[in-house]
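The sequence shown lines up with residues 425 to 645 when you count with the working numbering.
By construction, the Cβ of each residue, glycine as well, lies at the ideal position given by its N, Cα and C atoms.
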Amino acid sequence: MIPMPTDKPGDIDFIIANTRLLSPPHVPEIRLYLAEESLPIWQKTEDQLGEMSVPPPFWAFAWAGGQALARYMLDNRHEVADRNVLDLGTGSGLTAIAAMQAGARSVLAADVDPLAIVAAKLNASANGVRIATTSDDLLDQPIAGHDAVLVGDLFYERRLADRVLAYLTKAQAAGGHILVGDPQRSYFPADRFVCLAEYEVQVTRELEDSLVKRTAVWALR
């Protein structure tokens, strides 16, 4: 059995108390601590951290891009098998967990939101896999030499999208295999990517503009 994370007990208790252990619709093999409504978990996150402005609780939801990327890896294990994987903006840890289940040698799950790191470790434990984590902003650091880099749903804001693309370009030049799950959000540079697979992913209208989001997995050109 994979041990529970050893972060602040209050953070672990907060996540467990305000989420349910559920399987994302497109990846029933994986269970995650997920929120069922967005506004209550956002308000409770602010209360938990004692701040008026906190990062949105992206970790509490299984976004379309992450679900598509997780599905793709589980169905195409050769993409990450025996690779040392970096999962950028891991959120709930969904794609990090899927990579481990698909046979990755190791996974480093990165997110600048400390609660996301706690959630990712908690979810990894619930699925019986081990992942390493970091809350460092890796986009400002030298390429670490991972065999594969995963990105799910990080092209929703212009500056972040530009930074992510620059990092992925450098990672690919260093020999990294790039996989991105994205439903072509506002700042996704589709001309820089090749579509590998498309999915109809069930989502919630509270977070998206429809109940089913057409989502793709992409490789960097």
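Taking 9 angstroms as the cut-off, decide whether the C-beta atoms of residue i and residue j are in contact.
i	j	result
Leu457	Leu546	Correcting the residue identity first, residue 457 is Tyr in this sequence and not Leu. Cβ atoms of Tyr457 and Leu546: closer than 9 angstroms.
Ala528	Ala505	yes
Val509	Ala520	yes
Leu498	Ala522	yes
Ser516	Phe482	yes
Ala585	Pro607	no
Ile567	Ala548	no
Lys580	Arg609	A small correction: the amino acid at residue 580 is Tyr; Lys does not occupy that position in the sequence shown. Yes, Cβ-Cβ distance for Tyr580 and Arg609 is below 9 angstroms.
Gly576	Leu539	no
Ala494	Val553	no
Leu578	Ala556	no
Asp511	Leu574	yes
Between residue i and residue j, which are expected to be in contact by the criterion C-beta below 8 angstroms, what is the C-beta distance as a whole number of angstroms?
i	j	result
Leu563	Val588	7 angstroms
Ala643	Phe617	7 angstroms
Hey, out of the options, whose CA is closest to residue i's CA?
i	options	result
Gln525	Glu453, Leu592, Ala540 and Arg609	Glu453
Leu603	Asp571, Trp487, Gln626 and Val636	Asp571
Gly569	Arg501, Val553, Arg582 and Ser530	Ser530
Trp487	Leu445, Ile465, Thr514 and Arg501	Thr514
Val636	Arg645, Glu630 and Gln626	Gln626
Asp435	Glu460, Asp511 and Ala543	Ala543
Asp615	Thr443, Arg645, Glu632 and Phe485	Arg645
Going by beta carbon distance, what residues of the same chain come within less than 8 angstroms of residue i, once the five residues before and after it are set aside?
i	result
Ile440	Tyr457 and Leu546
Glu503	Tyr496, Met497, Ala526, Ala572, His601 and Leu603
Ala550	Leu445, Arg455, Leu456 and Tyr457
Glu461	Glu630
Per DSSP, which one or two residues make a beta bridge with residue i?
i	result
Tyr623	Thr639
Tyr398	No answer is possible for residue 398: it lies beyond the span of the chain, which begins at 425 and ends at 645.
Asp437	According to DSSP, Asp437 bridges with nothing at all.
Leu562	Answer by DSSP bridge pairing: none, since Leu562 is not bridged.
Excluding five sequence neighbours on each side, which residues of the same chain lie with their C-beta closer than 7 angstroms to the C-beta of residue i?
i	result
Arg501	Ala526 and Gly527
Arg582	Tyr611
Arg638	Pro607, Glu622 and Glu624
Ile541	Asp535, Thr557 and Ser559
Gly490	Gly515, Leu518, Thr519, Gly576, Asp577 and Gly605
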